[in-house]
Structure formats: C-alpha cells, structure tokens
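**Student:** In the numbering used here, the protein residues as written are 261 to 415. Beta carbons are placed, not taken as given, at the ideal position from N, Cα and C, and that holds for glycine. It should be emphasised that the depicted structure is a prediction, and the values quoted were computed from it without experimental measurement.
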Amino acid sequence: TLFRSNKNLTEDITFLPFSREELGGLPDDFLNALEKTEDDKLKVTLKYPHYFPVMKKCHMPETRRKMEQAFNSRCKEANCLILKELVKLRAEKSTLLNFSTHADFVLEMNMTKSSKTVSKFLGELSQKLKPLGEQERAVILDLTKNERRSHEHTS
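#1: Tell me whether the region 296–312 and the region 384–393 touch, counting them as touching only if at least three CB pairs, one residue from each stretch, are closer than 8 Å.
#2: Just to confirm, are L306 and L291 a CB contact at a threshold of 8 Å?
#3: For the region 326–334 and the region 271–289, state whether three or more C-beta atom pairs, one from each stretch, are separated by less than 8 Å.
#4: Can you tell me whether DSSP reads K296 as helix, strand or coil?
#5: Out of curiosity, what's the CA-to-CA distance linking M371 and L385?
#6: Mind checking which residues open and close the beta strand (DSSP E) that includes P287?
#7: Give the secondary structure of F365 by DSSP, where H, G and I count as helix, E and B as strand, and everything else as coil.
#8: Using the Cα positions of I205 and E412, report the straight-line distance between them to the nearest angstrom.
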C-alpha cells in the first residue's frame, strides 16, 4: 500500500500555471526551461526540480502559498483511500495480537510499553519546546515583514 501511494506521487502530472511576474526572483534559465500553457503562462509542476526552486527563490508570497498548498495536497483522494485501508489492516493486526490499538502494539515493540508513557513524555516535551517555538515564530514573522518591505521598495 505504501508502494501504491509513492507510485501515485511519482506519476502525478499536476502543474500550476503562473505568469513570469508571479515567479519573480527565479533565474531566467529556470523560467525559460518551463513549458507554456496555451495562454502563455508557465507550467510549474509539483516535482522537486520545480517545487524547491520556487519555494526557495520566488519572492512572491502568494505564489509560494499556492505551491505549498498544491504540493501538500498531491494525490489526496487516491492516497486517502490507501491510508484508510492501511489503518484498517493495522487495527486488524493489533486485534489479532491482543493489543487494543496499533499504537500500543508499536509502543510494546519499541519498549515504551504504553501510550500513557508516551503521552506523558510528549506533554513534558511540549512544555519545554513551546518557548522555543514562540521565539522561532517571532523570527519568521520578522523575516516575512522584512521581505515584504524589501519587495515593496524594489517594486
């Protein structure tokens, strides 16, 4: 089942059409290599050779948002069916082996012994990481503000 979901992702031909302006910040050689739609927009696929340059170099936040949303939704319908089947099979296996959940089965195999132990650990970890997450969020917000200011001055 995981093979099928990977196969779906590999064979995905989804693309997003963008104007050159919407792809601002990307090098001309990258833009010139893209196929064009009938209405002269550039076809940007969700494959890594297109996705990563757009996410790293494009200075248009809306373009990056559209790419991220489409990338995270690739093969959603087909792979959701596979995931449902996988969850069902895991539950059946766990029941056959006398575990109440798949999580309890995995935890027993990994020696944590119970989901309660993991929940306690994750709760403690969350409390320790929360301040760091807030600091990182502040840094990212500052970077975004600076990027907007920089883009406004160059437009």
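**Tutor:** Per the coordinate set shown:
#1: The way I'd put it, the region 296–312 doesn't touch the region 384–393; fewer than three beta-carbon pairs between them come closer than 8 Å.
#2: By 1-based counting over the sequence shown, the position of residue 306 is 46. By 1-based counting over the sequence shown, the position of residue 291 is 31. Not a contact, by the Cβ cut-off of 8 Å.
#3: With the rule of 3 Cβ pairs closer than 8 Å, the region 326–334 counts as touching the region 271–289.
#4: Within the sequence shown, residue 296 is the residue found at index 36, counting from 1. K296 falls in the strand class under three-state DSSP.
#5: Counted from its first residue, the sequence shown places residue 371 at position 111. Counted from its first residue, the sequence shown places residue 385 at position 125. Rounded to whole angstroms, M371 and L385 show a C-alpha spacing of 19 Å.
#6: Here residue 287 refers to the residue found at position 27 when the sequence shown is read from its first residue. Counting along the chain, no beta strand (DSSP E) covers P287, and no H or E run does either.
#7: Translated into the one-based positions of the sequence shown, residue 365 becomes position 105. Helix.
#8: No information on residue 205 is available, as it lies outside the stretch 261 to 415 that the chain covers here.
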